[in-house]
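Chains as they are written, first to last, in the working numbering: chain A, 79 to 368; chain B, 96 to 516. A quick write-up on the structure given underneath.
And the structure:
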């Protein structure tokens, strides 16, 4: 079953198939149901706890992220899915009171190891944020900034090539190729978000983290980004946090359901949405709360 | 409650709501008009008092450059005053009494002899010739010309007696009195004689001081703001530092003067009355303001910009210097310029470190004795001569011009570098 994870066929929810399977896991159980682990994980997290001061935000989460898959993380607001996502490239380091324990490995390297430098880590694990946040500079500069600070291009032509390739991959090239010198902040919301994606892929990451990338966008821009995600997963491993369950169902191969800091269920997206094993997962996806 | 009744209640209350709104608008408008009126009153009183200081009375006298007086070993130390006295006696041969002669000599400024000396030193060929030369009039003559001396008052109650006024009238009748632009006011140092007192010395002193203040306060203040806001861990120590910076910003400026006196003059034994010490004191005074405005400017940069930079692997330093600082710069510059403007207008701390002295020479370096524009205003305001009153106002105008220019620069920089995101 796990070998089919990287297949590109989008999971389908067949409404006719929803014969009410009885939830096997009761509401009070806080262990992870389903299949959180895979054979050859790109990233693997074990017993991750996150604290904000004295408050525990993430409670012993263990999950694997497979190569070239899209993993969706869903759950009600405040359940810790964004916090967990930000652990994966150590963006939580910027919050002084935030403390992380447990192990998170990227290709068998513990990213919280003292010897690990966050700068190359963040080049490997890129991030796209909830609100499009292009730099107040030109479109070209937005994309070129990452390669430039990492020294990825020696010559101007090389940098131009990286910018063009990244913008093409982000599906933005045709729209902006004639105005690369204009400010990135002048683009529409959806274009800005694709610019941010181009900026993230310009430094050649292996994993891309997306924190509700479409929550500030209209449905048309959302559809464009979702198409883009489906293309990007051929090359990158993507972890996406979303509030939109249809979106999770459309773009992801596996889905993880978070609830108040606990990871309650991980499974193949089509299975999780049709036959959830945890009672709380079923409550959430059927709209009983959330 | 039916809909009709609700509407009725709403209608009844509407009048009151609109009335309150109208009253509030009127109050706001009157507050602005009130403060504008004061501003106009302030500026016009300064201007009316001061604008005449930009013109100065001069009298022309036929001077015989007497070789007997000038051909001495050192022409620079010849008796030029004697030349002027001789010429005045020739112009008014009827004056014989010793006391009246003394009054007659008083028509011309005592600084006029320096003017003659400079002429002779520049052109020795003048010796032996007779020339009509415009000399600076005494401040009393100047005041008479500017109608500050009331001719209708009894003789004993005014600065010039009837005889002196008659001499001036005679000079006017001969076309020997004129009013000309007062270049000396902008190029001279201070003087006991109002007619030759100028603000150049004070302006240079202020400039040297501000240069030192800016050179120290800007890099140190901005650096401290960046460190505290972006790099320092938030703990008890940084909390204490923050509280103390805020307290320092509220410390009366004279206390910084006392600190300068104790530390810079008494401990480090730096020169008294020097712009160096003044600049150091004003730097200490301005530093908290620059740190606080700098931190506010950094706080106003949206965190999403930092996250964006960090998210693609910029180091903290790169994120701050490539992205956060350029966005915060307009605010920081505004804060710095406003701090500088405050430093320029400050006089109290300078009194403590000896910059209140009477200094004639124009300072040529940061260790020369100097005074500053606001202190010069204070000194002139303290002087009894009527002519210093208009000079005080004129100096205030110059100071205000500098302040307005600096604040204008702040506004310009803010709008030029402001970037939207």
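Beta carbons: idealized from backbone N, C-alpha and C, even for Gly. Every value quoted in this text rests on a predicted model; they were computed, and no experiment measured them.
| Is residue 392 (chain B) close to chain A, meaning its C-beta is less than 7 angstroms from at least one C-beta of that chain? | no
| message | Just to make sure I have the definition right: I need the residues of chain B whose C-beta is within less than 9 angstroms of the C-beta of residue 213 (chain A). Which are they? | response | 400, 403, 404, 417, 418 and 516
| said: Relative to the C-alpha of residue 370 (chain A), which candidate in A:335, A:283 and A:271 has its C-alpha closest? | reply: Any answer about residue 370 (chain A) is impossible in this case: the structure gives chain A only from 79 up to 368.
| said: For residue 232 (chain B) and residue 238 (chain B), I'd like the C-alpha separation in whole angstroms. | reply: 10 angstroms
| Closest Cβ-Cβ distance between residue 423 (chain B) and chain A: below 7 angstroms? | no
| message | Looking at the strands, I want to know which residues DSSP matches up with residue 123 (chain B). | response | Residue 123 (chain B) pairs with nothing; no bridge assigned.
| request: Look up residue 290 (chain B) in the DSSP assignment and say whether it is helix, strand or coil. | output: helix
| Can you tell me the Cα-Cα spacing of residue 336 (chain B) and residue 438 (chain B), whole angstroms? | 23 angstroms
| query | Hey, residue 246 (chain A) and residue 286 (chain A): beta-carbon distance below 7 angstroms or not? | reply | no
| task | Please state whether DSSP places residue 123 (chain A) in a helix, a strand or coil. | result | strand
| If you measure beta-carbon to beta-carbon, which residues of the stretch 297-330 of chain B are closer than 8 angstroms to chain A? | 328 and 329
| message | For residue 508 (chain B) and residue 433 (chain B), I'd like the C-alpha separation in whole angstroms. | response | 12 angstroms
| said: Here's a check: name, in chain order, each residue in its chain whose Cβ is nearer than 6 angstroms to the Cβ of residue 366 (chain A), leaving out the five neighbours to either side. | reply: none
| query | If residue 151 (chain A) and residue 205 (chain A) are in contact, beta carbons under 8 angstroms, what's the gap, nearest whole angstrom? | reply | Actually they are not in contact, since the Cβ atoms of residue 151 (chain A) and residue 205 (chain A) sit about 14 angstroms apart, beyond 8 angstroms.
| Closer than 7 angstroms, CB to CB, is residue 257 (chain A) near chain B or not? | no
| field | Whole-angstrom distance between residue 189 (chain A) and residue 141 (chain A), CA atom to CA atom | value | 15 angstroms
| Below-7 angstroms beta-carbon distance, residue 410 (chain B) vs any chain D residue | The structure shown contains no chain D; its protein chains are A and B.
| said: I'd like the ranges of any alpha helix (DSSP H) spanning at least 4 consecutive residues and lying wholly in the stretch 255-291 of chain A. | reply: 267-280
| said: Between residue 319 (chain A) and chain B, is any beta-carbon pair separated by less than 7 angstroms? | reply: no
| field | Buried/exposed call for residue 211 (chain A), threshold 16 Cβ in 10 Å | value | buried
| request: Could you name the residues of the stretch 178-196 of chain A whose beta carbon sits closer than 7 angstroms to any beta carbon of chain B, in the order they occur along the chain? | output: none
| task | Grab the span of the beta strand (DSSP E) containing residue 337 (chain B) for me, first residue to last. | result | No beta strand (DSSP E) contains residue 337 (chain B), which is instead part of the alpha helix (DSSP H) from 331-344.
| field | Member of A:104, A:111 and A:105 whose CA lies at the smallest distance from the CA of residue 346 (chain A) | value | A:111
| query | Are there 16 or more other CB atoms within 10 angstroms of the CB of residue 471 (chain B), so buried, or fewer, so exposed? | reply | buried
| Considering residue 177 (chain A), what are the terminal residues of the beta strand (DSSP E) in which it resides? | 176-184
| task | Tell me, to the nearest whole angstrom, how far the beta carbon of residue 322 (chain B) is from that of residue 461 (chain B); I am working on the premise that it is less than 8 angstroms. | result | At roughly 28 angstroms, the Cβ-Cβ gap does not stay under 8 angstroms, so residue 322 (chain B) and residue 461 (chain B) are not in contact.
| When the cut-off is 7 angstroms and only beta carbons count, does residue 335 (chain B) lie next to chain A? | no
| said: Determine, for residue 281 (chain A), whether the minimum Cβ-Cβ distance to residues of chain B falls below 7 angstroms. | reply: yes
| For residue 112 (chain A), does the three-state DSSP call read helix, strand or coil? | strand
| query | Going by Cα to Cα distance, which pick from B:429, B:268, B:448 and B:289 is closest to residue 277 (chain B)? | reply | B:289
| query | Are residue 231 (chain A) and residue 240 (chain A) touching if we call contact CB-CB under 7 angstroms? | reply | yes
| request: Confirm, please, whether the CB-CB distance from residue 390 (chain B) to residue 324 (chain B) is below 7 angstroms. | output: yes
| the stretch 107-125 of chain B touching the stretch 209-217 of chain B, judged by at least three CB pairs closer than 8 angstroms | no
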